[in-house]
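With this note's numbering, letter number 24 in the sequence shown gets 646, and the count goes up by one each step, no holes. We put the beta carbon where it would ideally sit given N, CA and C, even for glycine.
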Amino acid sequence: QQALGLGAIGFVVGKTAATLWAPIFPKYVLLLPGDAVLGALLVLVICALASIVAIRAALRVDPATAIGG
623 QQALGLGAIG FVVGKTAATL WAPIFPKYVL LLPGDAVLGA LLVLVICALA SIVAIRAALR
683 VDPATAIGG
């Protein structure tokens, strides 16, 4: 849940910053609404996959070893 929340926050902050700063630059890429939705979904999928990999790695560690015992 945290990974998805952070991914969503990061996407919103990035999209907002890109939208506000785009007029400053002489050339910029137009991000259509459909592309923005697809990008947001991809970010969430990548965050979910990354968290699954991290959880699986953490579950393989012996608890006694993890706390230094």
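Take the Cβ of residue i as the centre, count every other Cβ of all protein chains shown within 10 Å, and call the residue buried at 16 or more, exposed below.
i: G629; result: buried
Using three-state DSSP, classify residue i as helix, strand or coil.
i: I674; result: helix
i: G690; result: coil
i: V651; result: coil
i: V667; result: helix
i: D684; result: coil
In the DSSP assignment, find the unbroken alpha helix (DSSP H) run with residue i in it and report its ends.
i: L628; result: 624-643
Whose C-alpha, out of the options, is nearest the C-alpha of residue i?
i: K649; options: D657, P655, G656, A640; result: A640
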